[in-house]
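Engineer: Numbering (this note's numbering), first residue to last: 3 to 558.
Every residue, glycine too, gets a C-beta built ideally from N, C-alpha and C.
#1: Return the residue from the list 137, 190, 356, 348 that minimises the CA-CA distance to residue 382.
#2: Just checking, does the stretch 475 to 486 make contact with the stretch 515 to 528 on the three C-beta pairs under 8 Å criterion?
#3: Is DSSP giving residue 563 helix, strand or coil here?
#4: Looking only at its own chain, which residues have a Cβ that is under 8 Å from the Cβ of residue 260, when we skip the five neighbours before and after it?
#5: Tell me the rounded alpha-carbon separation between residue 619 and residue 173.
#6: Between 215, 369, 225, which lies nearest to residue 244 when the distance is taken from Cα to Cα?
#7: Is residue 227 helix, strand or coil by DSSP?
#8: Would you give the residue range spanned by the alpha helix (DSSP H) that residue 218 belongs to?
#9: So within the stretch 387 to 441, which uninterrupted beta strand (DSSP E) runs reach at least 3 residues, ignoring any that extend past its ends?
#10: For residue 435 and residue 367, what's the separation of their Cα atoms in angstroms?
#11: So for residue 513, helix, strand or coil by DSSP?
#12: Looking at the secondary structure, which residues open and close the alpha helix (DSSP H) in which residue 287 lies?
#13: Could you check which residue in 231, 238, 233 has the C-alpha nearest to that of residue 220?
#14: Using 10 angstroms around the beta-carbon of residue 230, count the other beta-carbons present and answer buried if the total reaches 16, otherwise exposed.
#15: Consult DSSP for residue 155 and reduce its assignment to one of helix, strand or coil.
#16: Assign residue 359 to one of three DSSP states: helix, strand, or coil.
#17: Grouping DSSP H, G and I as helix and E and B as strand, with all else coil, what is residue 300?
#18: Taking residue 143 as the reference, which of 324, 197, 90 has the closest Cα?
#19: Measuring only the C-alpha atoms, how far is residue 91 from residue 378?
#20: Considering only residues of the same chain and omitting the five flanking positions on each side of residue 355, which have a CB-CB separation below 7 Å?
#21: So, using beta-carbon positions, are residue 326 and residue 404 closer together than 7 Å?
#22: Looking at the unbroken beta strand (DSSP E) that takes in residue 122, where does it start and where does it end?
#23: With contact counted as at least three CB pairs below 8 Å, one residue from each stretch, are the stretch 310 to 329 and the stretch 29 to 46 in contact?
#24: Can you tell which of 47, 127, 85, 294 has its C-alpha closest to the C-alpha of residue 554?
#25: From the DSSP output, in three-state form, read off residue 117 for me.
#26: Report back the beta-carbon spacing between residue 313 and residue 80 to the nearest angstrom; my notes put them in contact at under 8 Å.
#27: Given 8 Å as the limit, is there contact between the stretch 182 to 190 and the stretch 204 to 218, that is, 3 or more CB pairs closer than that?
#28: Are the CB atoms of residue 82 and residue 228 nearer to each other than 7 Å?
#29: Which value, in whole angstroms, describes the spacing of the CA atoms of residue 311 and residue 373?
#30: Would you give the residue range spanned by the beta strand (DSSP E) that residue 260 belongs to?
#31: So within the stretch 165 to 215, which uninterrupted alpha helix (DSSP H) runs reach at least 4 residues, ignoring any that extend past its ends?
#32: Can you tell me whether residue 462 is helix, strand or coil according to DSSP?
#33: Would you report the Cα separation of residue 513 and residue 202, rounded to the nearest angstrom?
#34: Considering only residues of the stretch 53 to 86, which uninterrupted beta strand (DSSP E) runs meet the minimum length of 3 residues and lie entirely inside it, listed in chain order?
#35: What does DSSP give as the partner residue(s) for residue 39 in the beta ladder?
#36: Unbroken beta strand (DSSP E) runs of length 3 or more, entirely within the stretch 458 to 504: which are they?
Spelled out as structure tokens, the structure:
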């Protein structure tokens with residue numbers, strides 16, 4: 003069986019200019035990064051906004067398991083299948099982070115015969131967006147520490163600086179560091195730390211900004227810490243928002259690539275969904291909507307995280323709400339949610355499918371709470387049995403949700419035809435009636451409780467002493483009307499990653515709140531979610547290499 007990278011390297015890529023022409027992008031609208039990658043000019047992005055937006059399809063999933071769900075693979079295969087049906091389709095995906103690529107998850111460019119290409123470039127340095135975001139973030143850190151060293155005119159309390167440095171790698175040793183040691187010429191000693199780049203507020207800002215002006219305004223609104231009187235210090239106080247915008251002037255432009263089947267794909271931005279809002283950029287999604295009949299996009303991890311944030315945080319900045327939501331699941335993952343060990347997932351177990359269906363059912367119910375029609379996509383594996391498939395179809399029929407098998411990993415666009423046809427019937431035969439889960443005017447406590455009880459299925463929320471103090475402070479600062487971005491384990495509806503399925507009667511503990519006023523939301527930290535992940539015992543990097551001719555090896 004061929005690996006993902008072997009399949010990708012056998013494809014004869016089309017020049018990116020030819021891919022662009024399929025959706026009306028001319029050569030003068032492209033900024034080329036070699037023959038197969040390009041950025042779209044801001045002028046083209048602006049002009050595309052004047053077009054009537056196409057249909058928006060959001061792809062999400064059940065709570066992920068180590069067995070894997072293949073959400074990006076289904077997203078890509080579905081778009082290829084829609085194109086085969088004669089629907090002019092574009093994809094909008096997130097960029098992979100080097101942290102998980104080199105860590106446990108591997109690449110994020112799809113798999114099998116449903117990939118975006120060139121997958122090696124996309125999974126590594128691509129067009130440099132991640133480096134630009136890292137540089138902008140760390141430039142701000144350097145400017146903050148230089149301000150302290152040069153006399154601290156603003157009276158910034160060095161003990162209450164909340165801005166951290168970032169790195170696009172998993173490196174647990176950098177979570178807590180001390181800087182400025184050695185002598186007075188090395189700056190002011192203080193405690194600091196590193197987050198992974200995709201957790202940076204600048205990543206979130208880049209993905210939510212609607213143009214360069216909005217980007218600059220959002221950067222100016224970042225809170226970097228507090229004065230001695232505990233009032234907030236903003237980037238605008240340092241007067242460096244212009245410099246930060248300059249660093250990001252090219253990174254804000256969406257990247258155009260192609261699938262194995264030549265479907266145009268915008269791959270841009272990459273915030274994690276368990277610690278950030280988990281969606282590709284507003285500009286990429288908006289551009290796809292303006293250029294295609296169908297724009298297929300995805301949100302990170304399960305629908306309790308990525309889809310909720312897409313609908314409550316990102317959608318208000320889009321030209322329209324999704325017309326339908328595709329929920330990806332696998333029979334293997336359902337069996338794991340039903341109590342089966344990973345080592346036994348290839349054995350038939352109909353009862354475990356029935357037990358694990360509770361997880362999928364809750365996600366379907368949650369999507370409907372936003373007023374959106376849902377369809378279930380079963381990412382097919384060779385170990386799936388007819389009895390298990392039939393059981394799942396009957397369960398889906400009981401809650402009146404359409405379900406289709408998708409074998410896009412093995413068969414590409416052909417394996418997504420049934421899903422694509424059912425989706426078109428759903429979208430063109432049923433209207434969506436989008437509504438947000440909560441009103442921004444509600445208190446921070448009420449917004450968090452609404453998410454926990456309405457989406458997670460929990461019975462309530464406990465706020466740690468620090469979180470209670472912060473809620474009062476945020477209200478005094480006028481931040482309490484911002485939406486909430488929950489930082490929570492992706493593996494469970496609860497804040498305990500071991501509670502699989504559809505747990506009930508649990509309580510979520512909010513240990514800390516983090517203001518992301520530039521991005522326009524408040525992060526609520528739960529459990530032991532880390533904003534700088536660590537590497538596993540056997541990281542994916544151990545299998546990677548490069549041939550003498552420069553060919554990448556071991557990426558997946």
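Structural biologist: Considering the structure as presented:
#1: Closest in alpha carbon position to residue 382, among 137, 190, 356, 348, is 348.
#2: The stretch 475 to 486, when compared against the stretch 515 to 528, does touch it at the 8 Å Cβ threshold.
#3: It is not possible to answer for residue 563, since the shown part of the chain is limited to 3 through 558.
#4: Correct list, in chain order: 15, 16, 18, 21, 38, 118, 119, 266, 267.
#5: Summary: the structure shown does not reach residue 619, with the chain confined to residues 3 through 558, and so no result is reported for it.
#6: When each option's Cα is compared against that of residue 244, the closest is 215.
#7: Three-state DSSP puts residue 227 in a strand.
#8: Here the alpha helix (DSSP H) through residue 218 covers 214 to 222.
#9: The qualifying runs are 405 to 408.
#10: Their backbone Cα atoms lie some 15 Å apart in a straight line.
#11: It is a strand residue.
#12: Unbroken alpha helix (DSSP H) run through residue 287: 284 to 293.
#13: For residue 220, the nearest C-alpha among the options comes from 238.
#14: Counting Cβ neighbours within 10 Å, residue 230 comes out exposed, since fewer than 16 surround it.
#15: DSSP places residue 155 in coil when its eight states are reduced to three.
#16: Shown here, residue 359 sits in a helix according to DSSP, grouped into three states.
#17: Three-state DSSP puts residue 300 in a strand.
#18: Closest option to residue 143, Cα to Cα, is 197.
#19: Taking the straight line from one Cα to the other gives about 20 Å.
#20: Same-chain partners within the cutoff: 333, 336, 337, 340, 390, 393, 394.
#21: No. Outside cutoff.
#22: First-last for residue 122: 121 to 125, but that is the alpha helix (DSSP H), not the beta strand (DSSP E).
#23: With the cut-off at 8 Å, the stretch 310 to 329 and the stretch 29 to 46 do not touch.
#24: Of the candidates 47, 127, 85, 294, the one whose C-alpha sits nearest the C-alpha of residue 554 is 127.
#25: Here residue 117 sits in strand by DSSP.
#26: Contact between residue 313 and residue 80 is absent: CB atoms are separated by about 19 Å, not below the 8 Å threshold.
#27: No contact exists between the stretch 182 to 190 and the stretch 204 to 218.
#28: The beta carbons of residue 82 and residue 228 sit no closer together than 7 Å.
#29: For the pair residue 311 and residue 373, the Cα-to-Cα distance works out to about 15 Å.
#30: Looking at the DSSP string, the run of the beta strand (DSSP E) that includes residue 260 is 257 to 261.
#31: Those alpha helix (DSSP H) runs which fall completely within the stretch 165 to 215 and span 4+ residues are 203 to 210.
#32: If DSSP states are grouped into helix, strand and coil, residue 462 belongs with the strands.
#33: Rounded to whole angstroms, residue 513 to residue 202 spans 19 Å at the Cα level.
#34: Contiguous beta strand (DSSP E) elements confined to the stretch 53 to 86 occur at 57 to 63, taking only those with 3 or more residues.
#35: None; residue 39 has no bridge partner.
#36: Qualifying beta strand (DSSP E) stretches, in chain order: 462 to 465, 486 to 489.
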